[in-house]
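Down below is the structure, laid out as structure tokens.
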Amino acid sequence: MDGTSTHEIQIRNAFATAAMTKLRRFLTSSSISFPTKYKLYKSRGVSILRYGYETWTLHRVKDHVTL
8 MDGTSTHEIQ
18 IRNAFATAAM
28 TKLRRFLTSS
38 SISFPTKYKL
48 YKSRGVSILR
58 YGYETWTLHR
68 VKDHVTL
């Protein structure tokens, strides 16, 4: 263990990506409004990605790398 939360962040990113992939049909549909798509994104993708982020130990790897 290197004292960072790199592994946890990678897992959260994978879960969020999987959730967003399942919603792809809805997110690309022209019959669903942008505000609805945004709410789906915030409620599924972002909430999964950020779950438990308060406890993550972060360090700066490179200036251009962000969450």
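Residues 8 to 74 in my numbering are what the sequence shown spells out, letter by letter.
Ideal placement from N, C-alpha and C gives every residue a C-beta, glycine not left out.
For the set 42, 27, 15, the Cα lying nearest the Cα of residue 53 is the one of 27. Under the three-state reduction of DSSP output, residue 39 falls in the coil class, being neither helix nor strand.
Taking C-beta separations shorter than 8 Å and ignoring five residues to either side along the sequence, the partners of residue 33 in its chain run 39, 44, 47, following chain order. Residue burial annotation: residue 31 is exposed, with fewer than 16 other C-beta atoms found within 10 angstroms of its C-beta.
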